[in-house]
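**Student:** Counting the sequence shown from 1 gives a position; this note's numbering is that position plus 4.
Dropping a structure here in structure tokens format, bear with me for questions.
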Amino acid sequence: MKKNPLKVPLQWSVDGGVGIQYQLSSSVGIFIEPGIHYYFNDGSYLNTIRKDHPVNFTLPMGIRWTY
Numbered sequence: 005m006k007k008n009p010l011k012v013p014l015q016w017s018v019d020g021g022v023g024i025q026y027q028l029s030s031s032v033g034i035f036i037e038p039g040i041h042y043y044f045n046d047g048s049y050l051n052t053i054r055k056d057h058p059v060n061f062t063l064p065m066g067i068r069w070t071y
């Protein structure tokens with residue numbers, strides 16, 4: 005059977021996170037938003053980083069300006 009790399013199944017994922025923000029002024033704040041992501045096995049023969057490490061933690065932080 006010939007394998008076609010253009011026909012790969014979808015890779016489903018679940019994401020979750022929570023964030024906090026401290027207001028420095030009425031329009032500027034600093035924030036941190038930790039999150040976790042899980043990628044389900046898609047059953048394909050392609051090896052990806054998401055198959056080797058299906059759980060991923062993130063820690064976005066920074067300055068937020070609103071108007």
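No residue lacks a Cβ here, since even glycine has one placed at the ideal position from N, Cα and C.
Gly20 and Glu37: beta carbons closer than 9 Å?
**Tutor:** no
**Student:** Between the C-alpha atoms of Tyr3 and Val18, what's the straight-line distance to the nearest angstrom?
**Tutor:** Lying before the first or after the last residue shown, residue 3 is absent from the chain, which here runs from 5 to 71.
**Student:** Taking the alpha carbon of Arg74 as the point to measure from, which residue in Ser48, Ile53, Ser31 and Lys11 has its own alpha carbon closest?
**Tutor:** The first residue shown for the chain is 5 and the last is 71, placing residue 74 beyond what the model contains.
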